[in-house]
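Participant: Pasting a structure below so you can have a look.
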Amino acid sequence: MEDVKSPMRRSAQTRSRIVKAAQELFVMRGYAGTTFQLVADTAEVSVQTVYFHYGTKSELLKHVVDVASAGDDEPVPLLQRPWFAALRAAKDPAEVVRGWVHQSGVILDRVAPVLAVVRDAAGGDPGMAAQWAANSEQRHTAHGTVIAILAGLGALRPGLTESRATDITVGILSPDLFLVMTRECGWPTPQWEDWAADQLSYGLLSP
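Quick note on the numbering used here: the sequence shown kicks off at 1 and runs consecutively.
So this is what it looks like as structure tokens:
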């Protein structure tokens, strides 16, 4: 059994090194400035190995985004993870908001710089434009799921539709705004979390 598992384990470790190297390079050099050869050199593997695991640069960047979003390479969607189950079970709307903002901060710390690479490349690359659209749709779906939890608790402000509440959440928890506050303004992530949770609680929850 060990002989079967070892090659799989080594392959997973190789993919992890490639993804880590690619993330650093994409953020530092951008999409156009990152080549498979640079990724291979940084990960200390052959360029053929990078091509074997990720046939195109767009496929590699998509995987980098997926791993950065989830925090690991496990095939478990974010909304099926234990921490999200805890949000679903919460009965206090303020707890739901603060829990979601906290997890969003954890995720954005990892993924926001990489999403900026996708956004910047989208204007000149149809594949990256499709990737940006897909990532945007995923964010809307995730935030909409949380809004549905709040609506189920009867917690939304009177007259506030779920669609409008989702738009507000997408805006306040956007990766672009996160980078403005944490990089341009120099806020530590916990300060951003407090601010974002206050904004959402005021904008979404019934007084």
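Using N, Cα and C, we set each Cβ at its ideal position, and we do this for glycine too. Model, not experiment: these values are computed from the prediction.
Quick check: the Cα distance between G221 and T145, rounded to an integer number of angstroms?
Facilitator: Residue coverage of the chain in this structure runs from 1 to 207, which leaves residue 221 outside it and unanswerable.
Participant: Would DSSP call L160 helix, strand or coil?
Facilitator: Coil.
Participant: In the DSSP assignment, find the alpha helix (DSSP H) that holds G127 and state where it starts and stops.
Facilitator: That run of the alpha helix (DSSP H) goes 126–152.
Participant: Given 8 angstroms as the limit, is there contact between the region 148–167 and the region 177–188, that is, 3 or more CB pairs closer than that?
Facilitator: Contact between the region 148–167 and the region 177–188 is absent, because fewer than three Cβ pairs lie under 8 angstroms.
Participant: Identify, in the order they occur along the chain, each residue of the same chain with its Cβ nearer than 7 angstroms to the Cβ of E193, setting aside the five sequence neighbours on each side.
Facilitator: Correct list, in chain order: V101, H102, G105.
Participant: Alpha carbon to alpha carbon, what distance is there between G71 and R81?
Facilitator: Roughly 12 angstroms between the two C-alpha positions.
Participant: So is T169 buried or exposed if we call it buried at 16+ other beta carbons inside 10 Å?
Facilitator: Per the 10 Å Cβ criterion, buried.
Participant: Consult DSSP for L38 and reduce its assignment to one of helix, strand or coil.
Facilitator: In the structure shown, L38 sits in a helix (DSSP, three-state: H, G or I).
Participant: For the alpha helix (DSSP H) containing V118, list its first residue and its last residue.
Facilitator: Here the alpha helix (DSSP H) through V118 covers 93–122.
Participant: Rank L156, A130, Q191, F178 by C-alpha distance to the C-alpha of P93 and give the top, closest one.
Facilitator: For P93, the nearest C-alpha among the options comes from L156.
Participant: Determine the closest residue to W132 out of D167, H53, G33, P175, with distance taken between C-alpha atoms.
Facilitator: Cα-wise, what sits closest to W132 is P175.
Participant: Between the Cα of E44 and those of E24, R17, F26, D66, spot the shortest distance and give me the residue it belongs to.
Facilitator: Minimum Cα distance to E44 is reached at R17.
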